Amino acid sequence: KWQRLFFTNFFIVFSEKELEIKILQDQIQKLIQENREYLESLKEAQDTNRLQNEKMVEQRLIINQLNDKLEKMAKAPASNGASGDGPAAVISAKRPYSVPLTKSLMQMNNIPLRLDSRKVHTSPPMYSLSKVIAGFQTRNQIMMEHIEEQDEVLHYCFSDHSDDDDENSAKTRRKFRFRYQASSSYITEGKDVQQNASVDIEFIKKSQIINVQKLKNSELKLIAAKQKMNELTLNIRMKEELIKELVKTGNDARSVSQQYSLKITQLEHEAEQAKTDLAETQKQLQELENKELRDMLKSQITERVQKKDGYSKTESSGICTQEIHKNLCIICKKYKISHLVSQLENRYLIL
Numbered sequence: 037k038w039q040r041l042f043f044t045n046f047f048i049v050f051s052e053k054e055l056e057i058k059i060l061q062d063q064i065q066k067l068i069q070e071n072r073e074y075l076e077s078l079k080e081a082q083d084t085n086r087l088q089n090e091k092m093v094e095q096r097l098i099i100n101q102l103n104d105k106l107e108k109m110a111k112a113p114a115s116n117g118a119s120g121d122g123p124a125a126v127i128s129a130k131r132p133y134s135v136p137l138t139k140s141l142m143q144m145n146n147i148p149l150r151l152d153s154r155k156v157h158t159s160p161p162m163y164s165l166s167k168v169i170a171g172f173q174t175r176n177q178i179m180m181e182h183i184e185e186q187d188e189v190l191h192y193c194f195s196d197h198s199d200d201d202d203e204n205s206a207k208t209r210r211k212f213r214f215r216y217q218a219s220s221s222y223i224t225e226g227k228d229v230q231q232n233a234s235v236d237i238e239f240i241k242k243s244q245i246i247n248v249q250k251l252k253n254s255e256l257k258l259i260a261a262k263q264k265m266n267e268l269t270l271n272i273r274m275k276e277e278l279i280k281e282l283v284k285t286g287n288d289a290r291s292v293s294q295q296y297s298l299k300i301t302q303l304e305h306e307a308e309q310a311k312t313d314l315a316e317t318q319k320q321l322q323e324l325e326n327k328e329l330r331d332m333l334k335s336q337i338t339e340r341v342q343k344k345d346g347y348s349k350t351e352s353s354g355i356c357t358q359e360i361h362k363n364l365c366i367i368c369k370k371y372k373i374s375h376l377v378s379q380l381e382n383r384y385l386i387l
């Protein structure tokens, strides 16, 4: 009975441990699958982050190009205002490093002759975009005011000339109109370019802000994914350690069950030996009892014979001593046998 109960309990515990190991293995497989999914999402986030960084670099390059264009446009009117007055300066601004103006144009526009020509350098470029745009607008206003003042002076001069100079005045007016139109077209083109550049810059700034926000979100996602990856790795390690411990406990349980099975077999052998010993002692008791009965019968027969034959007292006393000795030996043997039987019974009950 004890053996059956032990084996049933052992098989129940072993089946429970196997079920726990299977459950833990399934959980580990799920965690590994989640780990793979998080790795894929992390790779995708890294790719998106890389693409966004490339877009940011492209947008920065575009912003730098636009800043360079604005600086060049800001330098051009400043150099025109410093080098000369009037529309001739506006015309020369289109080609700052070309051949200088001819003497005839300078005489027609009442510009004093200069023996040496030199390049006029502007101030160093501004680094902030707002300052560049503000300076560009102020320079445009100054150019417009200067052109209007020069137009009034030329109209006053044309009204004072005689009728003989009408043809020359018409030519100069045509030239002035051409130059004024060129300067106005240049200014309008500059304003359009400035507006387009400002719109492009605002659009690029907005897109840059959006991309920065996306980068921050992607970085947060990457951090969260890394944290989940670390948690998953820790869970996997804990589950692996639990599985190892369960395997160790299973092996220990198997070794303990083997030891108990060996002990049970030993006890069974001892019980069988005790049974055989009991059977032998019972046989010995029966034999002794039979011998006692025989001896008693013999003693009775001898007594009767002695009574009949009339033996002497000496012979009867010797026979009595012999019978007493025999009876004492039999009693000792019975005591020893009963003691052995009690020991065997106690041993059997303990087993």
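All residue numbers for the sequence shown refer to my numbering, where the first residue is 37 and numbers rise by one.
Cβ atoms here follow ideal geometry from the backbone N, Cα and C, with glycine treated the same way.
Predicted, not measured: the structure shown is a model, and the values here were computed from it.
If the criterion is Cβ atoms closer than 7 Å, does the pair residue i and residue j meet it?
i           : j           : result
residue 272 : residue 78  : no
residue 265 : residue 74  : yes
residue 88  : residue 247 : yes
If I measure Cβ to Cβ from residue i and keep anything under 8 Å in the same chain, skipping five residues before and after, which residues do I get?
i           : result
residue 82  : 258
residue 269 : 71
residue 276 : 64
residue 48  : none
residue 85  : 251, 254, 255, 258
residue 60  : 275, 278, 279, 282
I need the DSSP call for residue i, collapsed to helix, strand or coil.
i           : result
residue 219 : The predicted position of residue 219 is uncertain, since its pLDDT is 47 and thus under 50; a value taken from the coordinates is nonetheless stated next. Here residue 219 sits in helix by DSSP.
residue 200 : Bear in mind that a pLDDT of 48 at residue 200, under 50, signals an unreliable position, so the number given afterwards is only what the model happens to contain. Residue 200: helix per DSSP, three-state reduction.
residue 134 : Residue confidence is low: residue 134 scores 44 on pLDDT, short of 50, so the model does not pin down where it sits. No coordinate-derived value is stated.
residue 161 : In this prediction, residue 161 scores a pLDDT of 49, lower than 50, which makes its location untrustworthy; no coordinate-derived value is stated.
Kindly list the residues whose CB is nearer than 7 Å to the CB of residue i, restricted to its own chain and excluding five residues on each side of it in sequence; keep chain order.
i           : result
residue 56  : 282
residue 10  : This structure cannot speak to residue 10, because the chain is shown only from 37 to 387.
residue 250 : 88
residue 288 : none
Got a sec? Which residues, its chain only, sit under 6 Å from residue i by beta carbon, not counting five neighbours each side?
i           : result
residue 286 : 53
residue 101 : none
Would you report the Cα separation of residue i and residue j, rounded to the nearest angstrom?
i           : j           : result
residue 24  : residue 97  : Nothing about residue 24 can be read from this structure; the chain reaches only from 37 to 387.
residue 280 : residue 302 : 33 Å
residue 310 : residue 58  : 47 Å
residue 110 : residue 80  : 44 Å
residue 261 : residue 45  : 45 Å
residue 299 : residue 315 : 24 Å
residue 378 : residue 338 : 36 Å
residue 307 : residue 313 : 10 Å
residue 108 : residue 95  : 20 Å
residue 106 : residue 242 : 20 Å
residue 93  : residue 245 : 13 Å
residue 290 : residue 324 : 50 Å
residue 263 : residue 294 : 46 Å
residue 317 : residue 292 : 37 Å
residue 50  : residue 90  : 60 Å
residue 267 : residue 76  : 17 Å
residue 328 : residue 322 : 10 Å
residue 238 : residue 99  : 10 Å
May I ask you to check if the CB of residue i is nearer than 6 Å to at least one heavy atom of the ligand NAD?
i           : result
residue 328 : Among the components modelled here there is no ligand, and therefore nothing to report on the ligand NAD.
message = Below 8 Å, how does it come out for the region 245-259 and the region 56-64: are there three or more Cβ pairs, yes or no?
response = Put simply, the region 245-259 does not touch the region 56-64. Fewer than three CB pairs are less than 8 Å apart.
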